[in-house]
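Shown next, in structure tokens, is the structure this report addresses.
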Amino acid sequence: MNLKALKGRSLLTWINFTPEEIRAFLDLTRKVKAESRKPALRQRFRGKTLALIFEKRSTRTRAAFETAFGEEGGHPVFLSSQDIQLGAKESIEDTARALGRMFDAIEFRGFRQADAEVLAKYAGVPVYNGLTDSFHPTQALADYFTLEEIFGSFKGRKLAFVGDGRNNVARSLMVICSKMGADFTVVAPKALWPDPELHDLCASFALESGAQLAVTDQPEAGVRGASAVYTDVWASMGEEALEAERAALLSPYQVNAALMAATGEPACVFLHCLPAVKGKEVAFDVFEGPQSRVFDQAENRKHAIKAILLATL
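In numbering that gives the first Met the number 0, the protein residues as written are 0 to 312.
In structure tokens:
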């Protein structure tokens, strides 16, 4: 497809992007990563500015946005919740309109998906969701790209997400897999199954792509046949008070050597968006073992984010 069609678009979730558009981002990510291995200096964001709004702490998202934008000559400006009045003395609408007149684009990492949507509505420039409680689209693009690097096409293969099936990573993976024709299974206790509304929406995408979606509370059955097993922390940011409760609920869902073997796939890989609590959601030997691709994912956050910026700015 013509990448010009993506210019000026915000990325809040992959729901509003077609499979062809997602494919364009994946192909550009591959190109950007290949370029990064060459010594040529590129300045494609020279003279451009990017506001980075962070309500939540970050390692990979902040580093990926700053390096992806900065090494291309752009000027990223970090704005924490201590630095600006977002939603406090100043409404989100007013913050959006002010920053939109000063910056070429805005990244938002925070709690409410609705806040990202308001920023995108009023800013007049592209807005990128660096994580909300609902979705983490840049992570999902990097993850899907990582799977394609490992397996070639991932269409028709199975990704099993084990743990909190309601969290932003599980939700984002369900969307991108159902759009791109990859089978996706959530393996979680029933209390942590994804919401039916999103599942039904993704099921409609899967009908078009040929993907198979499933939800189960049976760990071994859920991972059977998976080419990749994915997990995340048991308590997301903002849920720290629930850590003990989640540990009791999710300890049977730890990704360990036995669960990886239950896939029946010797080439199965392990994925995690990081940070990881080794010994909790994932056993130390799996995280540090030969099946782990977690740092490939981490690196690919940068390449995927640069591709998103290049396509939309």
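Cβ coordinates follow ideal geometry from the N, Cα and C atoms, glycine included. Every value quoted in this text rests on a predicted model; they were computed, and no experiment measured them.
Of the candidates Ala261, Glu106, Ala303, the residue whose Cα lies closest to the Cα of Pro75 is Glu106. Remark: C-beta atoms of His135 and Val168 approach each other more closely than 7 Å. DSSP places Val124 outside any alpha helix (DSSP H), giving it a letter other than H or E. Three or more Cβ pairs closer than 8 Å define a contact, and the stretch 176-188 meets that threshold against the stretch 244-262. Taking a C-beta distance under 7 Å as the contact criterion, Gly99 and Gly123 qualify as a contact pair. Proximity of the stretch 263-277 to the stretch 219-236 meets the contact definition, three or more beta-carbon pairs being nearer than 8 Å.
Leu309 and Arg43 have their C-alpha atoms roughly 8 Å apart. Rounded to the nearest whole angstrom, the C-alpha separation of Thr17 and Thr311 is 15 Å. Under DSSP, the beta-bridge partners assigned to Val161 are Val186, Thr230. Only residues of its own chain outside the window of five on either side were considered, and among them Met0, Met179 have a CB closer than 8 Å to the CB of Arg22, listed in chain order. Nearest in C-alpha terms to Ser226, of all of Gly151, Leu27, Lys120, is Gly151.
The C-alpha of Ala141 is placed about 17 Å away from the C-alpha of Asp182.
By the 16-neighbour rule on beta-carbons within 10 angstroms, Gln253 is buried.
Between the stretch 81-96 and the stretch 21-41, the count of C-beta pairs closer than 8 Å stays below three; the two stretches do not touch. The C-beta separation of Tyr127 from Thr137 comes to about 7 Å, placing the pair in contact by the 8 Å criterion. Of the other Cβ atoms in all chains shown, fewer than 16 fall within 10 Å of the Cβ of Lys3; this residue is therefore exposed. Counting C-beta pairs closer than 8 Å gives three or more between the stretch 44-53 and the stretch 61-72, which meets the contact rule.
Counting other Cβ atoms within 10 Å of its Cβ, Arg59 reaches 16 or more and is therefore classed as buried. Exposure of Asn15 is indicated by the presence of fewer than 16 other C-beta atoms within 10 angstroms of its C-beta. Secondary structure note for Thr66: its alpha helix (DSSP H) is the uninterrupted segment 59-69. With at least 16 other beta carbons inside 10 angstroms of its own, Ala282 counts as buried. In the three-state reduction of the DSSP assignment, Val276 falls in the coil class, being assigned neither a helical nor a strand state. Note on geometry: alpha-carbon atoms of Ile304 and Phe64 lie some 6 Å from one another. Beta-bridge annotation (DSSP): Ile52 is paired with Leu78, Phe107.
When the five nearest sequence neighbours on each side are left out, the beta carbons in the same chain lying within less than 6 Å of the beta carbon of Arg165 are those of Leu191, Pro193, in order along the chain.
In the three-state reduction of the DSSP assignment, Ser291 falls in the strand class, which pools E and B.
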